Amino acid sequence: MEDALKQKLEAAPSSGAARGEPIAHHVAAIRKLLGAHWAEVVCAALLLLMAVNLCAAISRKTITNDEIVHIPAGYYHLVAGEFQLNNEHPPLIKMWAALPLLFVQPDEPPPPPNTDDENFMERTWGFHARFWQANRERFAEVTFWPRVMMIPITLALGVLIFVFARKLFGETAALIAVALYVLEPTVLAHGRIVHTDLPAAFAYLLFFFTLHYYAETLGRQQSVDSATAYTGTALLLGFVCGVALLTKFSMVVLLPVLIVCLGVRLWRTWNEKRKRSQALLHAGLVAAVILFLVNAAFYFTRPPLEASDVRWVALKSAPIFSEIITGVRVLSKVIPTYYLFGLYNVLVHGHYGHATSLMGQYNDLGWWYYFPVAFALKTTIPLLLIIVLALGWTAWRLLVKRDRRFLILIVPVGLYAAIALTSNINIGIRHFLPVYPFLFILGGAFMAQLLQGRNKLGTVLLVVLFGWMSFEAARTFPNYTPYMNQLASRHPHWYYLSDSNVEWGDDVGELAAYLKARGETRVSAALSGGWSTLAQYGVEYLDMVSMPKDATPETRYVAIGASFLNGSVVPGDENVVGRRSFERMDLFARYRNRKPEAVFGNSIYLFREHE
């Protein structure tokens, strides 16, 4: 028996070693897997940090001025098919964001009925006031989950940047491009907001990625055995284009690009019967998928324009009223009525412009150089340096080295930049976001080139620039919306730019907490979105815009948003009778040089009027 026990004891270590062998084997396998996919692991880590940043910002910020409208509109799109509401934006992103509300089940006050004497703006925009009033007790829950839904789109864009950059320039370039994306304040500001701007950037990049894939696939084919060859790539191209058109109306710019590309292919294959048949089939499939998706997003409904909408067209486009109404009636047989009407509203908005400001200037029609200036002020200086150098390097690679890889990146940048430079709507750098991903990829490619051959100077430059960008992202958190770099240090931010560049209403919650901690339940204010959201926090909003210019507010505190200090967003003469333009701009001039008691999120200035 003693011998048997001794044998067991001697065997025990070897048994333990045997049990340890599978563990060691698994660890080695994991290490090998991580080594083979190190770039994907680093990319995932960067995007995980970004997701944490966005979630933390959502928990500290309230909804923006536009989300006041977008969130209930998305919910009404989903549950009631009310696509007339907030029709200046396609429904897809709003519906995506509103999906969690199907489980939250907020109260649903019906939209106002369509009557002959109804005001267009009340029908289009006023519905949200009833929605938020009905859901005041659940405001935090109803506003939290739709914003969380935007994070997957933001992360998906990061993944696409990585995939596209790696395909063109390799893993190092891809990781640098993702790092540029993750640290950019404008991206961090809009990656959590229920709006169409960052999703449009995703759709724009995805379209050109898919177009590049489609062209590569057809370029690899040696012969066409049948007209149905490669139909999958054509269907994918149509799907991506359809999604893009449902993301933001500015994405209609992709239709001419698509038509030109398919037209060139048809022209080049006209004398080859099978390839010509294939090109015609692909064009038909792309068109069919696009039309199907656009109609599906509107539940295949084509109601006639409501009476208030017809009156709106008569008001804004009287000389061509009949032509527009007839055109909508005819085209609505294949395209949803309120897709067409939403596109019309965007065109009208662009025609009349939007009150704005740029470095002390005021205008309704903007400036051609607005977006270059805004980009220079709201982009971190290290990223500006990288992009400027990358664009110069790209020009050299294209013109001298004839490197055609850069065409798929620089053409989309040039196309969208040309549209931006001619736009009359200059209210935010967010409208320039579709260009950003391409610039990140070019920047990543340029920095990767500097690192080739273990270049010490390139390594030092990379460390310094990314250290600076990381510092900017950390010190600005979570106040990314009004971010400006050191070039804008001479004056307050509201002097250089206005509107969503400097204030968008997402700091109202912090203002309300400050006031309530001091026993204040009323405040005289001029805030973006505050007229709606302050009430959700139990603070009464007394509108200063409707007060006489030199009137002294009766409340203890006055809260002025950065855009109202600027003056460009003060309502025009049609809203405030007898107030001339220059009086609007200087309505709150007396507060510009006063020291505020507190500043919230670098966007709301609180002044004490009475002790």
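If you count by the working numbering, then the sequence shown holds residues 3 to 613, one letter each, in order.
Backbone N, C-alpha and C fix where the C-beta goes; we use that ideal spot for every residue, glycine too.
Quantities reported herein were computed from a predicted structural model and do not represent experimental measurements.
Each residue's CA atom was taken as its position, placing residue 431 and residue 278 some 43 Å apart. Taking the Cβ atoms as the reference, residue 540 lies roughly 17 Å from residue 507, outside the contact range of under 8 Å. Cβ atoms of residue 60 and residue 140 stay farther apart than 8 Å, at about 16 Å. The DSSP assignment places 358-360 and 363-365 as complete runs of the beta strand (DSSP E) inside the region 302-383, in order along the chain (cut-off: 3 residues). In the three-state reduction of the DSSP assignment, residue 505 falls in the coil class. Listed as beta-bridge partners of residue 516 by DSSP are no residues whatsoever. Taken through DSSP and simplified to helix, strand or coil, residue 601 comes out as strand. By the neighbour-count criterion, in which 16 or more other beta carbons inside 10 Å mark a residue as buried, residue 380 falls on the buried side.
Excluding its 5 nearest sequence neighbours in each direction, residue 52 has C-beta neighbours in its own chain below 6 Å: 184, listed in chain order. The way I'd put it, the region 402-413 doesn't touch the region 347-365; fewer than three beta-carbon pairs between them come closer than 8 Å. Counting along the chain, residue 265 sits inside the alpha helix (DSSP H) bounded by residues 256-270.
Three or more Cβ pairs closer than 8 Å define a contact, and the region 552-566 meets that threshold against the region 513-525.
Between residue 449 and residue 388, the CB-CB gap stays under 8 Å.
For residue 486 against residue 495, the beta-carbon gap comes to about 5 Å, under 8 Å, which counts as contact. C-alpha of residue 188 to C-alpha of residue 25: approximately 46 Å in a straight line.
With fewer than 16 other beta carbons inside 10 angstroms of its own, residue 143 counts as exposed. For residue 221, there is no enclosing beta strand (DSSP E); the residue is found in the alpha helix (DSSP H) stretching over 199-222. When secondary structure is reduced to three states using DSSP, residue 526 falls in the strand class. Here residue 553 carries a coil assignment [DSSP, helix/strand/coil]. Nearest C-alpha to residue 398 among 424, 361, 369 and 444: 444. Going by beta carbons, residue 414 and residue 203 fall outside the 8 Å limit. Note: residue 563 is bridge-paired with 606 in the DSSP secondary-structure output. Boundaries of the alpha helix (DSSP H) harbouring residue 438: 438-453, taken from the DSSP string. By a beta-carbon distance limit of 8 Å, residue 535 contacts residue 64. Their separation comes to about 6 Å.
The DSSP-derived three-state label of residue 593 is helix. Between the region 232-243 and the region 269-287 there are three or more inter-stretch CB-CB distances shorter than 8 Å, so the stretches are counted as touching.
DSSP lists 527 as the beta-bridge partner residues of residue 545. For residue 569, the number of other beta carbons within 10 angstroms of its own is at least 16, and it is reported as buried.
Less than 8 Å separates the beta-carbon of residue 213 from that of residue 239. Residue range 40-62 is occupied by the alpha helix (DSSP H) that includes residue 62. Take the alpha-carbon of residue 324 and the one of residue 315: they are about 9 Å apart.
Residue 320 places its beta carbon 8 Å or farther from that of residue 284.
Of 82, 42, 92 and 595, the smallest CA-CA separation from residue 339 is found for 92. Exclusion of the five residues before and after residue 599 leaves 559, 608, 609 and 610 as the residues of its chain whose Cβ lies within less than 8 Å of its Cβ.
The C-beta distance from residue 151 to residue 94 rounds to 12 Å, too long to meet the 8 Å contact threshold.
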